[in-house]
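According to the numbering used here, the sequence shown is numbered sequentially starting from 1444.
Idealized CB from N, CA, C, for every residue including glycine.
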Amino acid sequence: MKNINRIITVFLLLIFVGCSEDSLERLPKDQLTVATTFTTNSNFETYAWSLYANILPGYYDLISIWRERGSDLMVNNSGSVGESLLWQQKTVPSASSLWTNSYINIRRANLMLDNIENSQLTDEEKDHWRGVGLFFRSYIYKELLASYGAVPWVEKALTESDTDILFGPRTPRDEVSQNVLNDLLEAETIISSSGSGPNTINTDVVRALISRFGLYEGTWRKYHGLGGETAYLQASVDASTKLMADHPDLHSSYDEVFNSESLAGTAGVLLYKAYEFGIQNGRWSHYNRSSIGHEDLTKKAVDQYLCLDGQTIHTSPL
1444 MKNINRIITV FLLLIFVGCS EDSLERLPKD QLTVATTFTT NSNFETYAWS LYANILPGYY
1504 DLISIWRERG SDLMVNNSGS VGESLLWQQK TVPSASSLWT NSYINIRRAN LMLDNIENSQ
1564 LTDEEKDHWR GVGLFFRSYI YKELLASYGA VPWVEKALTE SDTDILFGPR TPRDEVSQNV
1624 LNDLLEAETI ISSSGSGPNT INTDVVRALI SRFGLYEGTW RKYHGLGGET AYLQASVDAS
1684 TKLMADHPDL HSSYDEVFNS ESLAGTAGVL LYKAYEFGIQ NGRWSHYNRS SIGHEDLTKK
1744 AVDQYLCLDG QTIHTSPL
């Protein structure tokens, strides 16, 4: 009996000594994990589609336009007296879907960025997907800066142990905006000029965001007396100059840009959200294609458009 007990004891010892936690871990076969997602180029491409879908706006879902509601440039007739922010009637909410969704998407971008180096990608592929990740993170922070000013800067996927960031103070606007500009300028130099295929993030799309962000942040700083506007305005000029050289033509019909079933091959359109019946639908055309008339430009806004000769209505003979 003693011999049998000894054999059992030795057998159990071999089992527990020979088995490590790694050998007992089994990854789910029906779910994506970090270990199975960030491996090959096609895996990164598939993951990136979630960034396109969750971060980029679609038709009529443009926050920058909605901010003009109730101003002297846009009439809002959807049953309110105008945009509360513009009339200084905004109250501070206890929670914000913009804040929550933004940091969910920042985490999505950071997860990809954190796992590039240990993947099976070539150096060229690593550069491209790092550029894509930096683009999306910068896009989100551009909107956060416009809505909140100083916000927490997060450049890695956080865990519960990162309490200094999770419960930390807001990062100063100067630091956040400089980080965004640095990331975009880096993305411009490393991202693939052709993207990962048609209608994807490429060098031109990055330059378009540099142009937009640099103009916004530069003018905000200038007219609010924050200083440091030159670097942002110059970055906007540089990116815009390259874009105009590579894309000198715009679509001849301004109306068709907002009233077409597809923008594929449209001159001047660098990136668009494609709609396909039954897969990705859009219903917002009824806002300005019917008598519903929720929103429209004011006469002052229309008068700011240039005539065909490039002059304003005040100086052009057209």
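Residue i vs residue j beta-carbon contact at 7 Å
i, j, result
"Ser-1545", "Leu-1588", "no"
"Val-1597", "Arg-1613", "no"
"His-1749", "Val-1648", "The residue you asked about is not His; residue 1749 is Leu in the sequence shown. For Leu-1749 and Val-1648, no; Cβs fall outside 7 Å."
"Tyr-1715", "Leu-1706", "yes"
"Leu-1627", "Ser-1679", "no"
"Ala-1491", "Val-1575", "yes"
"Glu-1488", "Ser-1639", "yes"
"Asp-1557", "Lys-1599", "yes"
"Asn-1548", "Asn-1484", "no"
"Gly-1657", "Arg-1664", "no"
"Arg-1650", "Lys-1685", "yes"
"Lys-1743", "Asp-1515", "yes"
C-alpha distance - residue i paired with residue j, whole-angstrom precision
i, j, result
"Leu-1564", "Phe-1578", "19 Å"
"Gln-1531", "Gly-1611", "28 Å"
"Ile-1458", "Thr-1479", "With a pLDDT of 49 at Ile-1458, under the threshold of 50, the predicted position of this residue should be treated as unreliable, and no value is reported."
"Ala-1682", "Tyr-1659", "14 Å"
"Ser-1695", "Leu-1751", "11 Å"
"Leu-1494", "Phe-1481", "14 Å"
"Gly-1661", "Thr-1606", "33 Å"
"Glu-1629", "His-1667", "28 Å"
"Leu-1554", "Asn-1486", "13 Å"
Three-state secondary structure (DSSP) of residue i
i, result
"Glu-1629", "helix"
"Glu-1598", "coil"
"Gln-1723", "strand"
"Asp-1566", "helix"
"Val-1518", "strand"
"Thr-1614", "strand"
"Asp-1739", "strand"
7 Å CB neighbourhood of residue i in its chain, flanking five on each side removed
i, result
"Ser-1636", "Asn-1645 and Thr-1646"
"Asp-1692", "Ala-1710 and Gly-1711"
"Gln-1723", "Ala-1717"
"His-1757", "none"
Same chain only: Cβ atoms within 8 Å of residue i, ignoring 5 sequence neighbours per side
i, result
"Ser-1690", "The question names Ser, yet the displayed sequence has His at residue 1690. These residues qualify, in order along the chain: Asp-1647, Ala-1710, Gly-1711 and Leu-1713."
"Asn-1762", "Since the first and last residues shown for the chain are 1444 and 1761, residue 1762 lies out of range."
"Ser-1703", "Thr-1709"
Sequence-distant residues of the same chain with beta carbon closer than 6 Å to residue i, five excluded per side
i, result
"Asn-1561", "none"
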